[in-house]
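Peer 1: Please see the structure below; I have some questions.
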Amino acid sequence: MNSPTELCKIALHHGCLKSFLYKRYNKFIHCHHYTHKYHNLFKHMRNEKFNLLEIGIGNPHLSNFNHFYKMNTRKIGANLFMWRDYFKNAHIYGIDINNNNIIHNEKNIHCLQANQVDSKKINNYLINKSFNIIIDDGSSVPYHQIETFNNLIHKLNKGGFYIIENIYVGNHGTNPLNYIKKSIKTSDYHDIEFYFEPQGYTNSAMIIIRDTRN
Ligand SMILES: C[S@@+](CC[C@H](N)C(=O)[O-])C[C@H]1O[C@@H](n2cnc3c(N)ncnc32)[C@H](O)[C@@H]1O
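Encoded structure:
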């Protein structure tokens, strides 16, 4: 297995289940193998000044694995704190449907309570803002993932990344992936990669859309 990156370690510190390091403590835990991939994609951007948006903030108190979070200092918004530590000069935006997950008064962290398909509310909040990284880790409903992409892709800067996490692929097929790929409105300058987690993680994949313009 790959050796942990700095992002994997930061994720573990904050209690963000995007890191595969949790498997070292409990092989049954439902965590992802995303931070390794993310570090490889983003390490060149660590000192840059930009905006990052993640849909889905998360509240570990609602998780079945609450006991694992007790190892960590952060409770709510572990993902946002992870990104803030990793990208020291970035502004981190989070959107979540659940008002209990909204974080207030944290330097460089900004949150909005909204359903990810409420494009009116979201566009109003994000007016005049654009992003180098957008991650959809919200409801994981394919229809929502498509709607959200089609609403937010115009907010991605040149050279940026739009990532849809948690696309269920089951044991055999890749139909949801193909369905989403067919339904999102990409352009010629968008490069699309499917990333499948190594066996033993979840039955999910992510789509990484990169704007290839300089
Ligand atoms: C899997 S958790 C994400 C955790 C976080 N992204 C992380 O990496 O730790 C999914 C989050 O999406 C939120 N969510 C679910 N449906 C949503 C929707 N329709 N719009 C916005 N947020 C939603 C949930 O409240 C939950 O906090």
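Going by the working numbering, 148 is the number at position 148 of the sequence shown; the sequence numbering is gapless.
Ideal placement from N, C-alpha and C gives every residue a C-beta, glycine not left out.
Since N51 is in the alpha helix (DSSP H), which residue starts that stretch and which ends it?
Peer 2: N51 -> not in any alpha helix (DSSP H); beta strand (DSSP E) instead, spanning 51–55.
Peer 1: May I ask whether a heavy atom of ligand 1 can be found less than 7 Å away from the beta carbon of K23?
Peer 2: Every heavy atom of ligand 1 is 7 Å or more from the Cβ of K23, so no.
Peer 1: Where does Y168 sit, in a helix, a strand or coil, going by DSSP?
Peer 2: It is a strand residue.
Peer 1: Taking 6 Å as the limit between beta carbons, can you name the residues of its chain near Q113, skipping five residues before and five after?
Peer 2: N99, I102, listed in sequence order.
Peer 1: Under 8 Å between the Cβ atoms of I163 and I95?
Peer 2: For I163 and I95, no; Cβs fall outside 8 Å.
Peer 1: What first and last residue would you give for the alpha helix (DSSP H) that runs through T146?
Peer 2: The sequence as given places Ile at residue 146; Thr does not occur at that position. Run containing I146: 142–152, per the alpha helix (DSSP H) assignment.
Peer 1: Comparing C-alpha positions only, which one of D137, C16, T148 sits nearest to M206?
Peer 2: The residue with the shortest Cα to Cα distance from M206 is D137.
Peer 1: If you measure between the beta carbons of K49 and N89, is that distance less than 8 Å?
Peer 2: Against a cut-off of 8 Å, the Cβ pair of N89 and K49 comes out as a contact.
Peer 1: Within a Cβ cutoff of 6 Å, which residues of the same chain sit near N115, ignoring the five residues on either side of it in sequence?
Peer 2: I97, listed in sequence order.
Peer 1: Considering Cα atoms alone, identify which of S183, N59, R213 is closest to Y189.
Peer 2: Of S183, N59, R213, the residue nearest in Cα terms is R213.
Peer 1: What first and last residue would you give for the alpha helix (DSSP H) that runs through E80?
Peer 2: It should be pointed out that residue 80 corresponds to Leu in this sequence rather than to Glu. Start and end: 78–86.
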